[in-house]
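K.L.:
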Amino acid sequence: MAVGTRTGRNHLSHATSPYLLQHASNPVEWYEWGREALHRARTERKPIFLSIGYSACHWCHVMAHESFEDEATAAVMNENFVNIKVDREERPDLDAIYMQATMILNRGQGGWPMSVWLTPDLRPFFAGTYFPPQPAFGRPGFRDLCRRIGELWKTRRDDLLAEADRLTEAVIQSLEPGRLGAAALTHEGIDRAAQAVAGGFDRQRGGMLSGPNKFPPSLALDLFLRLAHRHGPSAAQSRELLALVNLTLDHMARGGVFDQLGGGIYRYSTDPAWHIPHFEKMLYDQALVSRAFVDAHLVTKNPLYRRIAGELFDFVLGELQSPGGGFYSARDADSEGVEGKYYVWTKAEILASLGPEEGELFCDYYGVTAEGNWRDPHAPGEVKNVLHVPRSLEEFARMRGADPAELEPRLAAARRKLLAVRCQRVPPALDDKILVEWNGLMIASLARGGAALAERKYVDAAVRGAEFILDHQCRDGRLQRVFRGGRTGEIAFLTDYAAFIEALLELYEATFDKRWLERALELNRTVIERYGDRRAGGFFLAPGNQEPRVARIKDARDGATPAGNSMQLMNLLRLSAITGDRLLRHWADQTMSCFAADVLQFPTAGARFLAAAEFALTGPVEVTVVGDQSSSGAQQLWRHIHSRYLPNRVLLHSDPAHPQSNIAAPALQEKRPVDGRPAVYVCRDQTCFPPATTVGQLDELLVR
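Residue numbers (my numbering): 1 to 704.
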């Protein structure tokens, strides 16, 4: 069924979520999470079946087709439960609570679709993920399971309620952060935590070794780059960390996990070689991976990293940016009901499109064979190819006795031809909801990347994205997480505010337009007021006036996206450095105290928090450009600053001739141009160095 269909048989036909709308014609009497469904469960004393997924989730589609579209299964569900559908991307709070319950019950295993059974007062008592229609894979058949749970609710309800008590207490305890104190976060402790993360990396192909799948480890790579910068290029730890960054990015760039024709990164690889992907393309992955490539390019000056970052950005601008400027959420994995069908090729298709000579060249370079390397699990007889690059262009040219400079334009022309052919296929569905959190991540990466790569179009795209959010998803100083079809949801979460504040800070540094910083400060006040924990420090995921729930989440563990507390910690540190506001630094210190124990115990899930703690311990490098920013001298200095990897940089601008354009910041006081020329002032550890007016002088200051 196409995304957006509204021929409803249940209560989902007016939902904003494309995922919920995909289920609007199911025979299951689905409700959205809300007052109506919860009231019915309490009134009728019925258990709740809670199904959580998202529109680009392949196994969500499989379970929907096998079970939720089946009349007999729906009858059992409707008889025994109040059935609620939740889009995890719209409600990360519910997803986090009930995923924790699922993982507790299943020995650390979780995923989507998530299937959870709740008491009428929302306490979980049984949970799993995908269930097949008939017993298979060591799992019960879904219809039989529903029937059995319904019987147990009638005959052994006390046992289920006791299990709900036990599981709910376990969930609450698991979500309660430990207390260790910010003093425990030292440079040595961060180094040890980073080494623990690095110890889980594949030393042959990069990335984290975690079962059969490999996800882009963008947050860990950011941490590695920061620590390597602190230790300096000659330190053994720096060389090790940079080697892991390069190894990972090289294999991702050449692997099937990167769309070699159209750009964009897929969700994850199903094999250790980054070869066979799971084909959904999520906005947040484009944001986080592009940032990793940009920063790695600044450190290494590797042109491959610059090219991949640009192709990631171009994919987003071409396929995920709405006409209004906001960014859509995802491209589905499936096309015409088959995962990956849009993206894979037979060798015969390529030869027919390119001709024998150029076709053979292309197939050799991109690992395409007549035997294929990919099989549709639902049609195993059909063999096709996922494009990947088994060897570098230089090595490939050497094997053929050719010049890389001669081969590259031929391969580029072939890519353009095949992309045009691919565009004639039925594309995967587009999840066109606009989420503040994911837009914040993307806007931040575009602003940062556009400035670093000196590509104004990316900064302009970031500006349009931020303006869309402020125009359509911000009311009375409060954000609204979801926008789709002209409608917005009423709530937002810490992750929305934290990611968007970060985006506004990056936009200020990329444009020196003070309105972005002013809006960041305004939204930061809202975060402290509505989400801050004044008793124990840190920030809750949801505001205090949210509807009934099992637990109020407050954690700093990264998932597919950075944790809200980790992003907000970095925001507080940057804003306190800019404004000199000691209260913001106090909130930052309290946040570090709140989560230090958890992050040091589980460092693989705390990379962004550790990066922020590294910023706090090392201290900011305040870089102030003084003078008319439109002048050639100021532009040259500004571009040079952005071309350097300075992870603790706080970049400001002051134009004494136009004070109305300046922000109110102590760092700007008494800083003036030098002999009428734009100048850059660099300050660290409460010490400011003599101003620089040339790139050479600036370099001397930045390496101190």
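Glycine residues also receive a C-beta, built at the ideal position from the N, C-alpha and C atoms. All values reported here derive from a predicted model rather than from experimental measurement.
Enumerate, from N- to C-terminal direction, the unbroken alpha helix (DSSP H) stretches of 4 or more residues contained entirely within the stretch 625-702.
P.N.:
Runs found: 632-642, 695-702.
K.L.:
Over what stretch of residues does the beta strand (DSSP E) that includes Y31 continue unbroken?
P.N.:
It spans 30-32 - the beta strand (DSSP E) in which Y31 sits, taken as one unbroken run.
K.L.:
Can you tell me whether W112 is helix, strand or coil according to DSSP?
P.N.:
Coil, per DSSP.
K.L.:
Give every residue of the same chain whose Cβ lies closer than 8 Å to the Cβ of K457, excluding the five residues on either side of it in the sequence, and list them in chain order.
P.N.:
Here the set comprises L317, G450.
K.L.:
If you drop the 5 nearest sequence neighbours on each side, which residues of the same chain put their C-beta closer than 7 Å to that of G232?
P.N.:
Counting only Cβ-Cβ distances below 7 Å, and skipping sequence neighbours, we find S238.
K.L.:
If we count the other Cβ atoms within 10 Å of its Cβ and call it buried at 16 or more, is S630 buried or exposed?
P.N.:
Looking at its Cβ environment, which holds fewer than 16 other Cβ atoms inside 10 Å, S630 is exposed.
K.L.:
Spatial neighbours of E66 within its chain, please: CB distance less than 8 Å, with the 5 preceding and 5 following residues excluded, ordered by chain position.
P.N.:
Excluding sequence neighbours, E66 sits near P132, P133, F142.
K.L.:
What's the gap between the Cα of K671 and the Cα of F258?
P.N.:
Rounded to the nearest angstrom, the two C-alpha atoms are 46 Å apart.
K.L.:
If you run the structure through DSSP and keep just helix, strand and coil, what is F131?
P.N.:
Here F131 sits in coil by DSSP.
K.L.:
Tell me the DSSP secondary structure of Y342 in three-state form.
P.N.:
In the structure shown, Y342 sits in coil (DSSP, three-state: anything other than H, G, I, E or B).
K.L.:
Can you confirm whether the stretch 567-585 touches the stretch 188-208 when touching is taken to mean that 3 or more C-beta pairs between the two stretches lie within less than 8 Å?
P.N.:
With the cut-off at 8 Å, the stretch 188-208 and the stretch 567-585 do not touch.
K.L.:
Using the C-alpha atoms, what's the distance from S13 back to L646?
P.N.:
Going from the Cα of L646 to the Cα of S13 covers about 49 Å.
K.L.:
Since L610 contacts A193 with CB under 8 Å, what's their CB separation in whole angstroms?
P.N.:
At roughly 6 Å, the Cβ-Cβ gap stays under 8 Å, so L610 and A193 are in contact.
K.L.:
How about A24 and Y31: do their beta carbons lie closer than 8 Å?
P.N.:
The answer is no: Cβ separation not under 8 Å.
K.L.:
Considering only their Cβ atoms, is the gap separating T168 from P124 smaller than 8 Å?
P.N.:
Closer than 8 Å, so yes.
K.L.:
When you compare only the Cα positions, how much space is there between A597 and N78?
P.N.:
The alpha-carbon atoms of A597 and N78 are separated by roughly 45 Å.
K.L.:
DSSP beta-bridge partners for T488?
P.N.:
Its beta-bridge partners are F483.
K.L.:
Ordered along the chain, which non-local residues of its own chain (more than five positions away) have a Cβ less than 8 Å from that of L361?
P.N.:
Excluding sequence neighbours, L361 sits near L407, R410, L411, A414.
K.L.:
Determine which residues share a DSSP beta bridge with F126 and list them.
P.N.:
In the DSSP output, where bridge partners are listed per residue, F126 has W117.
K.L.:
Could you pull out every unbroken beta strand (DSSP E) segment of at least 3 residues lying fully inside the stretch 190-244, listed in chain order?
P.N.:
With a minimum length of 3 residues, no continuous beta strand (DSSP E) run stays inside the stretch 190-244.
K.L.:
Rounding to the nearest angstrom, what Cα-Cα distance links R400 and S445 in this structure?
P.N.:
Going from the Cα of R400 to the Cα of S445 covers about 38 Å.
K.L.:
Just the Cα atoms here: how many angstroms apart are R42 and G324?
P.N.:
Each residue's Cα considered, the two are about 42 Å apart.
K.L.:
Which residues bound the beta strand (DSSP E) around W374?
P.N.:
From DSSP, the beta strand (DSSP E) with W374 extends over 374-376.
K.L.:
Is it buried or exposed, H61, if we count other Cβ atoms within 10 angstroms and call 16 or more buried?
P.N.:
The residue in question, H61, is buried, as its Cβ has 16 or more Cβ neighbours within 10 Å.
K.L.:
Kindly indicate the opening and closing residues of the beta strand (DSSP E) around F49.
P.N.:
Residues 48-53.
K.L.:
Would you mind working out which of H642, V682, D675, L651 sits nearest V299, comparing C-alpha positions?
P.N.:
Residue H642 is the option with its Cα nearest to V299.
K.L.:
For P620, I'd like the list of residues in its chain whose CB is within less than 6 Å of its CB, leaving aside the five on either flank, ordered along the chain.
P.N.:
For P620, where only same-chain residues beyond five positions count, the Cβ hits under 6 Å are A577, N648, V650.
K.L.:
Are the stretch 332-346 and the stretch 468-480 touching by the rule of at least three beta carbon pairs closer than 8 Å?
P.N.:
No contact exists between the stretch 332-346 and the stretch 468-480.
K.L.:
Count Cβ pairs between the stretch 297-311 and the stretch 463-474 that sit closer than 8 Å; are there 3 or more?
P.N.:
Because the criterion of three Cβ pairs below 8 Å is not met, the stretch 297-311 and the stretch 463-474 do not touch.
K.L.:
Between the alpha carbons of L698 and G633, how many angstroms are there, rounded?
P.N.:
Using only the alpha carbons, I get a separation of about 13 Å.
K.L.:
In its own chain, which residues sit with a C-beta less than 8 Å from the C-beta of S174, not counting the 5 before and 5 after it?
P.N.:
Correct list, in chain order: Q100, I104.
K.L.:
So, does the CB of S576 fall closer than 8 Å to a CB anywhere in chain D?
P.N.:
Included in the structure is just one protein chain, with no chain D present.
K.L.:
Assuming Y508 and L517 are in contact, meaning their beta carbons sit under 8 Å apart, how far apart are those beta carbons, in whole angstroms?
P.N.:
Correct: roughly 4 Å between the Cβ atoms.
K.L.:
Starting from the Cα of C146, find the closest Cα among G189, F215, A72 and give me that residue.
P.N.:
C146 has its Cα closest to that of A72, out of G189, F215, A72.
K.L.:
Among the residues of its own chain, which have a CB less than 8 Å from the CB of L227, if the five just before and after it don't count?
P.N.:
Correct list, in chain order: I190, D191, A194, Q237, S238, L241, E614.
K.L.:
Would you give the residue range spanned by the alpha helix (DSSP H) that K514 belongs to?
P.N.:
Start and end: 514-531.
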